[in-house]
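Residue numbers (the numbering used here), protein chains in the order written: chain A, 1 to 133; chain B, 1001 to 1133.
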DNA sequence: CTATGTGCAAACTATTTGCCGTCTG
DNA sequence: CAGACGGCAAATAGTTTGCACATAG
């Protein structure tokens, strides 16, 4: 079963450069907005297709956060995230999580693969906004 | 600022009974399907409105799991969830997680509110299916 | 050359909302 | 009997897909 050959098109390269060049965690349409400055005729569908492809290849990360809109991350080193409950903005957290203990899973017959922690909080900007009231 | 008065309508009561009566973690439209057996004219919009209202009141829980479709849980006691990566089914896990250590959040200026843990794994049925190949 | 990729628009999925008549408290 | 609520259908948000043409390798 040969893998499908992938081509490094202009669109794919610029999408990749854009995501890698950001310290934020953009949604698909934020990426679309930025990429469109360099490739005005690119379509949102292409952005979605490439973000998913790059994620499958492990070159970028698709964040498994709660909420309707997916976000992407050019930083694939192991780290976690905190999300602002007011505005949805995400910040990076670097720490090591304990291994899942066998006691956690004593009552399930699921086979454990991995686990993820998501912190929720309020970002500095939204903290400021709240003080004004 | 007086709270809005809420009425216990037939629809709301039956939606609540349905969610509380399940050991599974139904999506809005699974609830809709079940409730419709007792109230054939109920609309999906009503189900959504009531699930959200009951969640705000803390009577049921809206699961903050990754993925496109939200799931609800009639069990509001503190516990975590594991989700099958193949079929999306959810199982309950009861254990105590260590409190977030200050070291986790040393590098962020977000104000921490809470955190959520989601385990990923493979459910028994999907394990069986995989062995057949 | 040819299969992979793109642009475009339409389709789709999950959820929300406006309107207006109904029913609870 | 007033205001909360429900049914219905249309609207919205985010994402996916079919198709015909373009292009990387």
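Beta carbons are placed, not taken as given, at the ideal position from N, Cα and C, and that holds for glycine.
| Item | Value |
| --- | --- |
| Give the residues from the region 77–98 of chain A that approach chain B closer than 8 angstroms (Cβ to any Cβ), ordered along the chain. | 80, 82, 84, 85, 91, 92, 93, 94, 95, 98 |
| On the CB-based measure, 16 or more other CB atoms within 10 Å of its CB, does residue 21 (chain A) come out buried or exposed? | exposed |
| Using 9 angstroms as the threshold, is the C-beta distance between residue 63 (chain A) and residue 90 (chain A) below it? | yes |
| With three or more beta-carbon pairs closer than 8 angstroms as the criterion, would you say the region 1080–1094 of chain B touches the region 94–101 of chain A? | no |
| Quick check: is the beta carbon of residue 1065 (chain B) nearer than 9 angstroms to any beta carbon in chain A? | yes |
| For the beta strand (DSSP E) containing residue 117 (chain A), name the first residue and the last one. | 111–122 |
| When burial is assigned at 16 or more other CB atoms within 10 Å of the CB, is residue 1070 (chain B) buried or exposed? | buried |
| For residue 18 (chain A), does the three-state DSSP call read helix, strand or coil? | helix |
| Between residue 1110 (chain B) and residue 87 (chain A), how many whole angstroms is the CB-CB distance? I'm expecting something under 8 angstroms. | The pair is not a contact, with the Cβ atoms about 11 angstroms apart (cut-off 8 angstroms). |
| So which residues of chain A does residue 1122 (chain B) contact, with C-beta pairs closer than 9 angstroms? | 110, 111, 112, 113 |
| Would residue 42 (chain A) pass as a contact of residue 61 (chain A) if the rule is Cβ separation under 9 angstroms? | no |
| If you draw a straight line from the C-alpha of residue 31 (chain A) to the C-alpha of residue 18 (chain A), how long is it? | 7 angstroms |
| Please list the partners that residue 1050 (chain B) has in chain A, where partner means a Cβ-to-Cβ separation under 8 angstroms. | Residues of chain A passing the Cβ test: none, with the nearest at roughly 20 angstroms. |
| Which same chain residues end up closer than 7 angstroms to residue 29 (chain A) when comparing Cβ atoms and leaving out the 5 residues on each side of it in sequence? | 44 |
| Counting only C-beta atoms, is residue 1117 (chain B) closer than 9 angstroms to chain A at any point? | yes |
| How would you write the range of the alpha helix (DSSP H) that residue 954 (chain B) sits in, first residue to last? | Residue 954 (chain B) cannot be examined here, being either before or after the span of chain B that is shown, 1001 to 1133. |
| Let me see if you follow: with CB-CB separation under 9 angstroms, is residue 56 (chain A) close to chain B or not? | no |
| Residue 98 (chain A) and residue 112 (chain A): beta carbons closer than 9 angstroms? | no |
| Could you confirm whether any beta carbon from chain A is found closer than 9 angstroms to the beta carbon of residue 1100 (chain B)? | yes |
| Would you check if the distance between the CB atom of residue 1035 (chain B) and the CB atom of residue 1011 (chain B) is smaller than 9 angstroms? | yes |
| Closest to residue 1067 (chain B) by CA distance: which of B:1120, B:1131, B:1013, B:1115 is it? | B:1120 |
| Would you kindly check if the distance between the Cβ of residue 1118 (chain B) and the Cβ of residue 153 (chain A) is under 9 angstroms? | Because chain A here runs from 1 to 133, residue 153 (chain A) falls outside it and cannot be looked at. |
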